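Q: Pasting in a structure now, in structure tokens, and then I'll have a few things to ask.
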Amino acid sequence: MKHLTYCSCNPLMRWFAETCKSNCDSGSDCHRYYTRDLIIFQTERRVVMEDTAAMITTAQIKKIWAEVATEGQSKIKAAIDGISNVAKTSEQVVSAFDALERQSQQIGEIVSVIGEIADQTNLLALNAAIEAARAGEHGAGFSVVAEEVRNLAEKSRVATGEIVELVKENHLRVEEAKAALKLEQELLRDGVGLVDESGKSFQNISFAANELNNQLQSLINIIDEINSALINFGAIVEGFSVIAEENESMAEKMNSESQSVGSALESIAAVAEESAASAEEVAASTEEISSVVTALEDAFSQISQSITAVQADIERFKC
Numbered sequence: 604m605k606h607l608t609y610c611s612c613n614p615l616m617r618w619f620a621e622t623c624k625s626n627c628d629s630g631s632d633c634h635r636y637y638t639r640d641l642i643i644f645q646t647e648r649r650v651v652m653e654d655t656a657a658m659i660t661t662a663q664i665k666k667i668w669a670e671v672a673t674e675g676q677s678k679i680k681a682a683i684d685g686i687s688n689v690a691k692t693s694e695q696v697v698s699a700f701d702a703l704e705r706q707s708q709q710i711g712e713i714v715s716v717i718g719e720i721a722d723q724t725n726l727l728a729l730n731a732a733i734e735a736a737r738a739g740e741h742g743a744g745f746s747v748v749a750e751e752v753r754n755l756a757e758k759s760r761v762a763t764g765e766i767v768e769l770v771k772e773n774h775l776r777v778e779e780a781k782a783a784l785k786l787e788q789e790l791l792r793d794g795v796g797l798v799d800e801s802g803k804s805f806q807n808i809s810f811a812a813n814e815l816n817n818q819l820q821s822l823i824n825i826i827d828e829i830n831s832a833l834i835n836f837g838a839i840v841e842g843f844s845v846i847a848e849e850n851e852s853m854a855e856k857m858n859s860e861s862q863s864v865g866s867a868l869e870s871i872a873a874v875a876e877e878s879a880a881s882a883e884e885v886a887a888s889t890e891e892i893s894s895v896v897t898a899l900e901d902a903f904s905q906i907s908q909s910i911t912a913v914q915a916d917i918e919r920f921k922c
């Protein structure tokens, strides 16, 4: 029985030791795998955070662009309004120049009439001088008056000529100013068109920037949700890592205990083996004793038979 117990202990000991070693290796593998996954997760999460920060920066830049575009659009509108006011002022100036030109024409007509009057006055003064000369001494006073009138008429004619020249020069200046104003009006109209197109471009940029900003904000919200999920997943992985580490510690402890148990089992097996050897020696001695006892029993049987035969002979001799 002791020999059978020793034979049964060896497989049990090997199974127990292998099981403990397998559990220890599994715990180490789990801890190693979870540690590796945790490192990979932390790396991926860092990449996601960097991408999120870059997108937030881009969104902030796009928002600034949108604000700049909106501000530019407002300034362009103000510029269009200013140019429109300048154009209206130019039109008013052109209208004023037209009125000034008409007045200059009227002045020219008046000066022309004054010139004609001066010529007629000069002619009348000449006639008066002739008549005064004919009158002799009685016409001397008329002659002086006629000379003064002629001088005044001459001065009036000269002044009228100067006025005419000034009116002509003013007319040329007005025409040049009108031409410059018309050119300025054309340039202003072109400028208004360009500024208007720029305003539409800024409006499109502002609209596109706002749309892009909204899309980026939605994407940032999604990434925030992913980041939250990754944080939760990271906590789970860290929990698994802690559990795996605890399992590894338990497996190492179990392995150490299994080694102690194995040593104890080996000691028990050695004692069992020694007991089995002793049992075999006892069994051999028992067989020898049994043989001796059997031989003694045979000898006693033969002696008994001999005694019985002797007793029978004695009884026969008595008769």
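Numbering-wise, my numbering puts 628 at position 25 of the sequence shown, and it's gapless, one number per residue.
All C-beta atoms, glycine included, are put in the ideal place defined by N, C-alpha and C.
In this text, all values refer to a predicted model and were calculated from it rather than measured experimentally.
Got a sec? Which residues, its chain only, sit under 6 angstroms from residue 897 by beta carbon, not counting five neighbours each side?
A: none
Q: Report yes or no: do the segment 697-704 and the segment 745-752 share at least 3 C-beta pairs separated by less than 8 angstroms?
A: no
Q: Would you tell me roughly how many angstroms separate the C-alpha atoms of residue 712 and residue 719, rounded to the nearest one?
A: 11 angstroms
Q: Among 735, 739, 756, whose alpha-carbon lies nearest the alpha-carbon of residue 746?
A: 735
Q: Beta carbon of residue 721, beta carbon of residue 699: below 8 angstroms?
A: no
Q: Between 796, 709, 725, which has its C-alpha nearest residue 758's C-alpha?
A: Ranked by Cα distance from residue 758, the first of 796, 709, 725 is 725.
Q: Are the Cβ atoms of residue 770 and residue 714 separated by less than 8 angstroms?
A: yes
Q: Out of 807, 708, 827, 797, which one is the CA nearest neighbour of residue 772?
A: 708
Q: With 16 as the cutoff for other CB atoms within 10 Å, does residue 783 come out buried or exposed?
A: exposed
Q: Tell me whether residue 679 is buried or exposed, calling it buried when 16 or more other Cβ atoms sit within 10 Å of its Cβ.
A: Note on residue 679: 16 or more other CB atoms within 10 angstroms of its CB, so buried under the neighbour-count rule.
Q: Which same chain residues end up closer than 8 angstroms to residue 785 when comparing Cβ atoms and leaving out the 5 residues on each side of it in sequence?
A: Counting only Cβ-Cβ distances below 8 angstroms, and skipping sequence neighbours, we find 697.
Q: What does the alpha-carbon distance come out to for the pair residue 732 and residue 717?
A: Roughly 22 angstroms between the two C-alpha positions.
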